[in-house]
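*Asks:* Before I ask anything, here is the structure I am working with.
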Amino acid sequence: MQASSSTSSSERSGGKALRRLLRNGLLLLLAVVVLDQIGGLILRYLYFRQKAGPNAETTFLFSAMKADGLILGSSRGRRNYNSLVLSDTLGFRVYNGGHDGQTVFYELAVVRSVLNRYTPRLVIIDLNPEELYYRELHYDRLNVLAPYYHDYPEVRDIYLLRGVRDGHWEPGSLRVRPAKPSDNSWDNFWFRLHAMEEYLIPINTEKIKMLSGIYPYNSMPLDILSGIFRKRHSHAGFKPLKGVISEQKAQELIRQNAALREQKGKRVDKHKVAALEEMMTSLKSRGVAVMVVMSPALAPFGMEPSYQTVQELCARYEVPFRDYSQDSIYLNLQYFYDNHMNLEGATLFSSQLASDILRRYYPNLNQHYGQRPD
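Here it is, written out as structure tokens:
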């Protein structure tokens, strides 16, 4: 009897310890969830208080910008288009919505948010052929849309592509089907970042992560503080570069660009093609004058799969396409700061572009395209 009593006492003790462990675990989990949500609310408040910098400019594009003309693109769009010169020549306000390091994904988010508020007259989409190829980095950079995920429904399925990558996914679904082996995306399977995660857990993990309050602002606190306290000015979104590239640096960049263009195994990204198609169709359906432009480069762009894709899409949707990298007038180092044009080059190019738009592409722009914002 003594042994049985001792065993029963031991079992009761173990049961209490287990219940206490579970209770403490649940309390700890609850504390983490509460702190996460409170931290997210604080970061959200600070994020949308930014007055300067890329984050503030994105918020302005999504919520308040109502310029008649809009320039979209990556850093080439941001640096190569002098929006003030375009405004003077076209006769209406033009805003430069280019964003360093972004692609057509970001630009589609801007187009959707803009069309939700008003109809511009003109949208210029700057493209570099390299931007249409599949790059893991381009999906990583979709984190700039994370702070807008909950407040701007139009950007959600674009942001969630971060959890899809080169897989297959139906918007709104949690399940992601990995890419087929036949497209070579499984080369070096065991060494690919996230390869095992995609194979074992075929779901869009970004959709789960966005339940967190803090996650949308991951790695942003310093940028947020900079956007609140540091004053940085742009000229209607245009950030000019001042200075001239050296011959040595130019030749180095030209070699790097050539190596990038000759890289083997590049493939046009189906998600980017779909994004570009949506931009073209949605803008044209609203009567917006839309144009795809390749701005001047250190070396002319050449024919390659992505370049041909752009040409075919523009022809299909009857969108004017112009490659200014082929114009010899810009093949002069005095117009470049690095891979981007300097202030003098951007001013010259913008003047010519505005003139071409009025003379060649949309001569009746003021009369027949778009609506002036309220």
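If you read the sequence shown in my numbering, its first letter stands for residue -19, the second for the next number, and so on. Heads up, the beta-carbon is just placed ideally off N, CA and C, and yes, glycines get one too.
(1) Look at G147 and R155 and say whether their C-beta atoms are less than 7 angstroms apart.
(2) Figure out for me which residue from L205, R73, I138 has the closest Cα to the Cα of R24.
(3) According to DSSP, is M259 helix, strand or coil?
(4) State the beta-bridge partners of F218 as determined by DSSP.
(5) If we call anything under 7 angstroms between Cβ atoms a contact, is G78 one with G57?
(6) Would R357 be called buried (16 or more neighbouring beta carbons within 10 Å of its own) or exposed?
(7) Give a yes or no on whether the C-beta atoms belonging to G217 and S43 are separated by under 7 angstroms.
(8) Mapping DSSP to helix, strand and coil, what is P128?
(9) What are the start and end residues of the beta strand (DSSP E) that includes L52?
(10) Apart from the five residues just before and just after A36, which ones in its own chain have a Cβ nearer than 7 angstroms to its Cβ?
(11) Taking C-beta to C-beta, are A334 and L102 nearer than 7 angstroms?
(12) Nearest to K222 by CA position, among F72, L6, N319, is which residue?
(13) Considering only residues of the same chain and omitting the five flanking positions on each side of G246, which have a CB-CB separation below 6 angstroms?
(14) S55: which of L125, A47, E111 sits nearest, CA to CA?
(15) For a quick check, are the C-beta atoms of P109 and Y287 less than 7 angstroms apart?
(16) By the 10 Å Cβ neighbour count, where 16 or more other Cβ atoms means buried, how is K211 classified, buried or exposed?
(17) Ordered along the chain, which non-local residues of its own chain (more than five positions away) have a Cβ less than 6 angstroms from that of W166?
(18) Could you tell me which whole beta strand (DSSP E) segments of length 3 or greater appear in the segment 23 to 94?
(19) Under 7 angstroms, do P300 and Y341 count as touching if we go by C-beta distance?
*Replies:* In brief:
(1) As a first step, residue 147 must be located in the sequence shown, where it is residue number 167. As a first step, residue 155 must be located in the sequence shown, where it is residue number 175. Going by C-beta atoms, G147 is not nearer than 7 angstroms to R155.
(2) Looking up residue 24 in the sequence shown gives position 44. Ranked by how close their Cα comes to the Cα of R24, the residues L205, R73, I138 have L205 in first place.
(3) The residue labelled residue 259 in the question sits at position 279 within the sequence shown. For M259, the secondary structure class from DSSP, reduced to helix, strand or coil, is helix.
(4) Walking along the sequence shown from the start, residue 218 turns up at place 238. DSSP output for F218 lists H215 as bridge partner(s).
(5) Working through the sequence shown from its first residue, we reach residue 78 at position 98. Working through the sequence shown from its first residue, we reach residue 57 at position 77. G57 is positioned such that its CB atom lies closer than 7 angstroms to that of G78.
(6) Lying outside -19 to 354, the shown extent of the chain, residue 357 is not represented and no answer is given.
(7) By one-based count along the sequence shown, residue 217 stands at place 237. By one-based count along the sequence shown, residue 43 stands at place 63. Taking the C-beta atoms as reference points, S43 is found no nearer than 7 angstroms to G217.
(8) For the purposes of this step, residue 128 is taken as the residue at position 148 of the sequence shown. Looking at the sequence provided, one finds Tyr at residue 128 rather than Pro. In the three-state reduction of the DSSP assignment, Y128 falls in the helix class.
(9) As a first step, residue 52 must be located in the sequence shown, where it is residue number 72. Taken as a continuous stretch (DSSP letters only), the beta strand (DSSP E) holding L52 covers 49 to 52.
(10) Mapped onto the sequence shown, residue 36 falls at position 56. Closer than 7 angstroms at Cβ, skipping near neighbours: Q30, G207.
(11) To locate residue 334, count along the sequence shown from 1; it is residue 354. To locate residue 102, count along the sequence shown from 1; it is residue 122. No, these two residues do not count as a Cβ contact at 7 angstroms.
(12) One-based indexing of the sequence shown puts residue 222 at position 242. It is N319.
(13) As a position in the sequence shown, residue 246 is number 266, starting the count at 1. According to the sequence as given, residue 246 is Lys; it is not Gly. So the qualifying residues of the chain are Y113.
(14) In the sequence shown, residue 55 corresponds to position 75, counting from 1. Among L125, A47, E111, the Cα nearest to that of S55 belongs to E111.
(15) Looking up residue 109 in the sequence shown gives position 129. Looking up residue 287 in the sequence shown gives position 307. Between P109 and Y287, the C-beta spacing is below 7 angstroms.
(16) As a position in the sequence shown, residue 211 is number 231, starting the count at 1. Exposed is the call here.
(17) Reading the sequence shown from its first residue, position 186 is the one you call residue 166. Annotation note: pLDDT 47 at W166 (below 50); position unreliable, no value reported.
(18) List check, beta strand (DSSP E) in window: 49 to 52, 74 to 76.
(19) Within the sequence shown, the letter at position 320 stands for residue 300. Within the sequence shown, the letter at position 361 stands for residue 341. Yes, Cβ-Cβ distance for P300 and Y341 is below 7 angstroms.
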